[in-house]
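A.B. asks: One line per chain: the protein sequences are A and B, in this order. Residues in the first sequence are numbered consecutively from 1, following this note's numbering. Residues in the second sequence are numbered consecutively from 1001, following this note's numbering.
There are 2 protein chains.
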Amino acid sequence: MNPLPRVTIRDVAAEANVSVATVSKVLNRRYGVSEATSERVNRVIREMGYEASLVARSLRNHKTNVIGLLIADFDPFGSEVLKGAADAVRHTGFELVVYSAGGRPDEHVGWERRYLSRLSGTLVDGAVLVTPTVTDVNYGAPIVAVDPHTGPSGMPTVDSDNLRGAHLAVEHLTGLGHRRIAMITGRPDLQSARLRERGYREAMAAAGLPVEEDLLRLGAYDPEVSRDAARDLLSRPHRPTAIFTANDTSAIATMEVAAELGICVPDDLSLVGFDDIPEAARTQPPLTTVAQPIREMGRRAVELLVRLIGQESLETTHITLVTRLVERHSTRAI
Amino acid sequence: MNPLPRVTIRDVAAEANVSVATVSKVLNRRYGVSEATSERVNRVIREMGYEASLVARSLRNHKTNVIGLLIADFDPFGSEVLKGAADAVRHTGFELVVYSAGGRPDEHVGWERRYLSRLSGTLVDGAVLVTPTVTDVNYGAPIVAVDPHTGPSGMPTVDSDNLRGAHLAVEHLTGLGHRRIAMITGRPDLQSARLRERGYREAMAAAGLPVEEDLLRLGAYDPEVSRDAARDLLSRPHRPTAIFTANDTSAIATMEVAAELGICVPDDLSLVGFDDIPEAARTQPPLTTVAQPIREMGRRAVELLVRLIGQESLETTHITLVTRLVERHSTRAI
DNA sequence: ATGAAAGCGCTAACAT
DNA sequence: ATGTTAGCGCTTTCAT
């Protein structure tokens, strides 16, 4: 029952009556091993169930064939990026390992930085950072950021066109005749959230509509905060006829609050989200939202990273994917 | 732009004019370093942004404080287990790293075995295996299996009461007056799937209903295979009035096929799934299903593993969680 | 209080 | 064809 000690290359060497160097050569298919020896060593390897230690190997080589993905939380956005990355990695000969922040809030900011320095050059050949808080550092290995908190820095980045997405959302609403359009905003520390808010303001202005600051409420990409925001917005005497939320999670929270208040979506209130997470298609009514190709962002990030690792010279290291409006049933003409 | 070489303990030592041993002592808060030296070293560490390499450290110590989670695929089940595990790990002082199978089919069976031997004793102190194909091996580190393919072996296991869950599903259907109840089965290589099928047969028998072999179709826990199964079942002249599917993914596929065929759920067809993945609550109509506490399975697996790593002596290493019927709107009395 | 040196498991020069 | 050896970055005796 007690864990057996690991079988090491020395055990194999001893058992096969050769040196560890020979075993290593067999392992790595190097030349200079006779057919007979090679076969014998392989047999012993199989018999003993030996596998080279990834750790020891990493320490020696500086190539591991694994790419890391660092993610703060397994929220819907992160999970989708993850799936896309897992998908892309299949065709690359790399393996994927995922690190999640331990979760202690005090360790939150900059956690990817610590992880990275501990891993890079050793355990991973490069890493994808999902919504990282830091983007300014030069690590020991290539890094690609997906939807970073701060705007494009020197770091290779995959994001989507948040500004245009917000335009699309608001234009859809104004096109439907809405004029009192509120917004539940995202996390002010995130570039994506700021762009979505800017898009809202620009599109309102373009439609000749005044932006009433009172109609902007912080949702912080968080269900609870968004519920409060929605409750505030919807329990006013002169409430907005439409709400644009900075992400789908906020929209879903808003929908729930509306239901509690007896406000019918879309009859009494139009709602547009952002992201198009899988859940958005399954709300009641299904949510009209701005789709970001989240999985594709994960996929592209891995592809970019692999090329970076391979030292390919790239025309550009900033990829911005298009956003588009997905009209479902949470909006209606006024 | 080119990645800087890693800062190593030697760089720090050189910069601080001490030996690497001293730096190591400072790092690990060992006694025998003067206050002054310690402070100086710490300053240099901060200035250089040094972090000890996880790899080198693992190779030396044989304790890493990280637990691994091995998962074949980020499917809904696996993702939920992952969330539960990530949750539980927060309170343990361990860190979680997730490995996903590369995905090449030829490498599929037994992939967790290879990973495990490469990691154990070095990179992770123990591992959680999600729906592993092998359960019979003694590795270098503690292992906990979640919903293993084969039945309980010697390996510590977390699963749920699949047999009782299937009973619940079929009893619900027979209680509603259904008699022609079909089943779309799971993957025959999985213990869980076999138990669900056995439960179906037992409950049918208990209700005095004959099991027509023709009413059993393979769904393999796979959307595509399940669609075919559903199409076959539903396009017969004398079709079943109810279908019990081995998991929710199959149920959702069946629901889609029913819609295509103009068969109304639940009016023309009652449907019961298994798992209660998040998607199940959001189908149209919402799916009646047997809930497994998937996240809790992940949580319990981590808890069990941590105790195993800590050498605690346990009363039992097999945890079976209860399943329960969640009645939503995909079933109706005949 | 500090440092020299051995060694964790492995690979790659460099012998033989 | 095979073996010897150095060294990857770190921790830990064991000197000094």
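For each residue, glycine too, the CB sits at the ideal point set by N, CA and C. In this text, all values refer to a predicted model and were calculated from it rather than measured experimentally.
Identify which residue in A:294, A:14, A:69 has its Cα closest to the Cα of residue 141 of chain A.
C.D. replies: In terms of Cα proximity to residue 141 of chain A, the closest of A:294, A:14, A:69 is A:69.
A.B. asks: Helix, strand or coil, according to DSSP, for residue 1277 of chain B in the structure here?
C.D. replies: The answer is coil: DSSP assigns residue 1277 of chain B none of H, G, I, E or B.
A.B. asks: Helix, strand or coil for residue 1 of chain A? Go by DSSP, reduced to three states.
C.D. replies: With a pLDDT of 37 at residue 1 of chain A, under the threshold of 50, the predicted position of this residue should be treated as unreliable, and no value is reported.
A.B. asks: Based on DSSP bridge pairs, tell me the residues matched to residue 291 of chain A.
C.D. replies: A:275, A:324
A.B. asks: If you measure from the beta carbon of residue 3 of chain A to each beta carbon in chain B, is any gap under 8 Å?
C.D. replies: Unreliable placement is indicated for residue 3 of chain A, whose pLDDT of 48 sits below 50; the coordinate value is still reported in the next sentence. By this cut-off, residue 3 of chain A is an interface position.
A.B. asks: Of all the residues that make up the stretch 46-66 of chain A, which are near chain B by a beta-carbon distance shorter than 8 Å?
C.D. replies: Under the 8 Å Cβ criterion, the stretch 46-66 of chain A contributes 49, 50, 51, 52, 53, 54, 55, 56, 58, 59.
A.B. asks: Could you tell me the alpha carbon to alpha carbon distance between residue 10 of chain A and residue 52 of chain A, rounded to whole angstroms?
C.D. replies: 11 Å
A.B. asks: Determine, for residue 128 of chain A, whether the minimum Cβ-Cβ distance to residues of chain B falls below 8 Å.
C.D. replies: no
A.B. asks: Can you pull the chain B neighbours of residue 74 of chain A, defined as C-beta to C-beta under 8 Å?
C.D. replies: 1079, 1082, 1083, 1086
A.B. asks: Rounded to whole angstroms, what's the CA-CA distance from residue 1002 of chain B to residue 16 of chain A? Just pull it up for me.
C.D. replies: Residue placement at residue 1002 of chain B is poorly supported in this model, since its pLDDT is 43, which falls under 50; the coordinates are not used for a value here.
A.B. asks: If you pair each beta-carbon of the stretch 23-34 of chain A with each one of the stretch 1085-1099 of chain B, do three or more pairs fall below 8 Å?
C.D. replies: no
A.B. asks: Please confirm if residue 1300 of chain B has its CB atom under 8 Å from at least one CB of chain A.
C.D. replies: no
A.B. asks: Compare the C-beta of residue 1099 of chain B with all C-beta atoms of chain A and state if any pair is closer than 8 Å.
C.D. replies: yes
A.B. asks: What in chain B is Cβ-close to residue 279 of chain A, meaning under 9 Å?
C.D. replies: 1278, 1279, 1282
A.B. asks: How long is the line joining the alpha carbons of residue 1220 of chain B and residue 1183 of chain B, rounded to whole angstroms?
C.D. replies: In a straight line, the C-alpha of residue 1220 of chain B is about 12 Å away from that of residue 1183 of chain B.
A.B. asks: Using a C-beta to C-beta distance shorter than 7 Å, which residues of chain A count as neighbours of residue 1117 of chain B?
C.D. replies: 49, 51
A.B. asks: So which residues on chain A does residue 1295 of chain B lean against when the C-beta distance must stay under 7 Å?
C.D. replies: By Cβ distance, chain A contributes nothing, its closest Cβ being about 11 Å from residue 1295 of chain B, past 7 Å.
A.B. asks: Return helix, strand or coil for residue 1126 of chain B, following the three-state DSSP convention.
C.D. replies: strand
A.B. asks: Can you pull the chain A neighbours of residue 1114 of chain B, defined as C-beta to C-beta under 7 Å?
C.D. replies: 51
A.B. asks: Find the nearest neighbour of residue 325 of chain A within the set A:131, A:289, A:304, A:257, judged by alpha-carbon distance.
C.D. replies: Checking every option, the nearest Cα to that of residue 325 of chain A belongs to A:289.
A.B. asks: Shortest alpha-carbon distance to residue 1279 of chain B belongs to which of B:1255, B:1262, B:1166?
C.D. replies: Ranking B:1255, B:1262, B:1166 by Cα distance to residue 1279 of chain B puts B:1255 first.
A.B. asks: Spatial neighbours of residue 40 of chain A within its chain, please: CB distance less than 6 Å, with the 5 preceding and 5 following residues excluded, ordered by chain position.
C.D. replies: Answer for residue 40 of chain A: 16, listed in chain order.
A.B. asks: Starting from residue 1254 of chain B, trace the alpha helix (DSSP H) in both directions and tell me its first and last residue.
C.D. replies: Residues 1248-1260.
A.B. asks: Please say whether residue 321 of chain A and residue 293 of chain A have beta carbons closer to each other than 8 Å?
C.D. replies: Yes, these two residues count as a Cβ contact at 8 Å.
A.B. asks: Would you kindly work out how many angstroms separate the C-alpha atoms of residue 1028 of chain B and residue 235 of chain A, rounded to a whole number?
C.D. replies: 56 Å
A.B. asks: Using a Cβ-Cβ distance under 8 Å, would residue 123 of chain A count as near chain B?
C.D. replies: yes
A.B. asks: Note down, in chain order, every chain B residue with its Cβ under 7 Å from the Cβ of residue 96 of chain A.
C.D. replies: The contacting residues are 1100.
A.B. asks: Return the first residue and the last residue of the beta strand (DSSP E) that residue 95 of chain A is part of.
C.D. replies: Counting along the chain, the beta strand (DSSP E) containing residue 95 of chain A begins and ends at 95-100.
A.B. asks: Going by the CB atoms, is the gap between residue 181 of chain A and residue 240 of chain A shorter than 8 Å?
C.D. replies: yes
A.B. asks: Does DSSP put residue 1238 of chain B in a helix, in a strand, or in coil?
C.D. replies: coil
A.B. asks: Tell whether a beta-carbon distance below 8 Å holds between residue 166 of chain A and residue 203 of chain A.
C.D. replies: yes
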